[in-house]
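Chains as they are written, first to last, in this note's numbering: chain A, 6 to 468; chain B, 203 to 264. Don't be surprised by glycine CBs; every beta carbon is placed ideally from N, CA and C. Since the model is a prediction, treat every value here as computed from it, not as a measurement.
What follows is the structure, given as structure tokens:
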């Protein structure tokens, strides 16, 4: 996105050409990938012509002027349907943009369309019975999942259908598809970017953030969307730094904690080796790496499941009563679980949350960032239920959530980025976790890593 | 907490009714194992040192 923005601003390429090229690519590949729910071809071309006229007329342009993008289909978009990946909202057309969508429009970005997702964001596989299951572009013929819930975002960015997207992340839904699709995805600190106008899964766990091909592009998008929004009571009033200015390429002296138990040590062997190699590369670049364990993180799965199930049921209760058969089966069943979580369970889970947050804060008091797999496995085959991790068998859903969900629970910023490939050619993702509101350091580390490796530049054969 | 009791479909129906949902046996049987697992895992949270820990009620809104 940064490179496209530069080329457009210097008139090396026209916004119309850029948008048309992406629309052509969507037309050629999306029937296979099923990444898009809605394509806004005419509106995108119209916006591109207006952007070109602004540029040629010498009018001021934003950093993303003329650069196309596409959000997960749970961001409200004025005049463009916002389905949440459901049939329940299949004809829902918002009257206004979500705050972050409006901010990207002000920065000059052009909306290409809306991206597929697990229905109502309630699943890490990225499956959708209504609009089709998004396929992983690294193995489209083998029908591997893209990961979810922001599956369309992961697949579309990896396959070059869009240079950037906004996903949402309640238990890893930005970082899981980023890991499985070989792209870079940032879940900012809770409160850093407004959730206003974004369909909720669980209000206290939902985060919005960019999914792109590099840390630099994530920094560019985050700079555009971050900051206080009176429409979101949980958004922070802290000033927004220039995230791109933080990308110095220098990690000398930075203290990096490699998360061992539950994370790296529990990953499949090829993932573990790639994450350990990433730690070594950062060490060679001057970072000081040690190892760290989080004792209470094993309880995150139960406590976050109780919180998400309760909050999701509260949002969906009316539809679950009136239109239960309009939900896809797995989502309907997950929503029903919320009816059996008591108030005492919910509060106990929030106590665990405080405990885990404190533990992560303590680990980061002596370190600048933590390092872990983004997912402990690579992209499973569609329909695969069981897998084997470094500490034994696991169901696929739990495995996908395992390394990412603790930082939804704690609220810390976390960025997933590619750190290698399996022998079979599937991407492996590493995760960098930072202090609250220190996305700048997280992005600095990922960017520095991407300057000394080329994993993030690789493209699937489909692309 | 309820996790140690046998989770039957009948129990689920009563609990669902308390929450305001009128679900059939066919609705509930598929989720019975998942409910049992969830309640068992929540029961394990009782073993954590939480007596002095206040629940999270507000997030890092600065």
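Sequence-distant residues of the same chain with beta carbon closer than 7 Å to residue i, five excluded per side
| i | result |
| --- | --- |
| residue 215/B | 225 and 230 |
| residue 389/A | 401 |
| residue 392/A | 382, 385, 399, 401 and 404 |
| residue 408/A | 268, 377, 378, 379, 380, 381 and 436 |
| residue 12/A | 18 |
| residue 445/A | 246, 248 and 251 |
| residue 147/A | 386 |
| residue 275/A | 427 and 433 |
| residue 174/A | 180, 192, 212, 214 and 413 |
| residue 317/A | 127, 206, 207, 340 and 343 |
Same chain, Cβ closer than 6 Å to residue i, neighbours up to 5 away in sequence not counted
| i | result |
| --- | --- |
| residue 191/A | 214, 215, 223 and 420 |
| residue 299/A | 364 |
| residue 265/A | 296 and 298 |
| residue 293/A | 260 |
| residue 321/A | 340 |
| residue 139/A | 39, 40, 121, 131, 151, 156, 157 and 160 |
| residue 101/A | 83 |
| residue 272/A | 378, 381 and 395 |
| residue 284/A | 263, 294 and 376 |
| residue 254/B | none |
| residue 406/A | 129, 176 and 177 |
| residue 238/B | 209 |
Local Cβ density within 10 Å of residue i, reported as buried at 16 or more and exposed below that
| i | result |
| --- | --- |
| residue 397/A | exposed |
| residue 144/A | buried |
| residue 355/A | buried |
| residue 210/A | buried |
| residue 257/A | exposed |
| residue 267/A | buried |
| residue 249/B | exposed |
| residue 176/A | buried |
| residue 251/B | exposed |
| residue 472/A | This structure does not reach residue 472/A, given that chain A is present from 6 up to 468, and the question cannot be answered. |
| residue 308/A | buried |
| residue 234/A | buried |
| residue 57/A | buried |
| residue 246/B | exposed |
| residue 253/A | exposed |
| residue 242/A | exposed |
| residue 36/A | exposed |
| residue 362/A | buried |
For residue i: DSSP bridge partner residues
| i | result |
| --- | --- |
| residue 262/A | 295/A and 375/A |
| residue 115/A | 73/A |
| residue 140/A | 150/A |
| residue 434/A | 423/A |
| residue 391/A | 400/A |
| residue 439/A | 374/A |
| residue 223/B | According to DSSP, residue 223/B bridges with nothing at all. |
| residue 41/A | 120/A |
| residue 386/A | 149/A |
The ligand NAP heavy atom lying under 7 Å from the CB of residue i
| i | result |
| --- | --- |
| residue 280/A | Summarising the ligand content, the structure contains no ligands, and the ligand NAP is consequently not present. |
Cβ-based neighbour list, residue i, same chain, cut-off 8 Å, excluding 5 preceding and 5 following
| i | result |
| --- | --- |
| residue 110/A | 102 and 116 |
| residue 87/A | 78, 79, 80, 81, 94, 97, 98, 99, 119 and 204 |
| residue 333/A | 124, 132, 133, 134 and 135 |
| residue 237/A | 104, 199, 200 and 201 |
| residue 291/A | 255, 256, 257, 258 and 259 |
| residue 171/A | 74, 76, 77, 80, 105, 106, 109, 158, 213, 214, 215, 216, 226 and 230 |
(request) Run through the stretch 268–325 of chain A for me and flag every whole alpha helix (DSSP H) of 4 or more residues, listed as ranges in chain order. (result) 274–289
(message) What are the residues in the stretch 352–367 of chain A lying within 9 Å of chain B by C-beta distance?
(response) 352, 353, 354, 355, 356, 357, 358, 359, 360, 362 and 363
(request) Could you name the residues of the stretch 101–121 of chain A whose beta carbon sits closer than 7 Å to any beta carbon of chain B, in the order they occur along the chain? (result) none
(request) Run through the stretch 146–200 of chain A for me and flag every whole alpha helix (DSSP H) of 4 or more residues, listed as ranges in chain order. (result) 156–163 and 180–186
(message) What are the residues in the stretch 233–247 of chain B lying within 8 Å of chain A by C-beta distance?
(response) 233, 236, 237, 240, 241, 243, 244, 246 and 247
(request) Ignoring anything shorter than 4 residues or poking outside the stretch 200–243 of chain A, list the alpha helix (DSSP H) runs there in chain order. (result) 220–230
(message) Using a Cβ-Cβ cutoff of 8 Å, what residues of the stretch 369–390 of chain A are near chain B? List them in chain order.
(response) none
(request) Could you list the residues in the stretch 338–353 of chain A with a C-beta less than 9 Å from some C-beta on chain B, going in chain order? (result) 338, 339, 341, 342, 343, 344, 345, 346, 347, 349, 350, 351, 352 and 353
(message) Under 8 Å, CB to CB, which of the residues in the stretch 282–307 of chain A have a partner in chain B?
(response) 301, 304, 306 and 307
(message) As an exercise, report each continuous beta strand (DSSP E) stretch of at least 3 residues that is fully enclosed by the stretch 76–138 of chain A, in chain order.
(response) 118–120
(message) Beta carbons nearer than 9 Å to chain B: which residues of the stretch 44–66 of chain A have them?
(response) none
(request) Return the residues of the stretch 207–231 of chain B that lie within a Cβ-Cβ distance of less than 9 Å from chain A, sorted by chain order. (result) 209, 214, 217, 218, 220, 221, 222, 223, 224, 225, 229 and 230
(request) Taking only beta carbons into account, state which residues of the stretch 394–407 of chain A come closer than 8 Å to chain B, listed in chain order. (result) none
(message) For the stretch 315–329 of chain A, list every residue whose C-beta sits within 9 Å of some C-beta in chain B, in sequence order.
(response) 318, 322, 325, 326 and 329
(request) Taking only beta carbons into account, state which residues of the stretch 216–236 of chain A come closer than 8 Å to chain B, listed in chain order. (result) none
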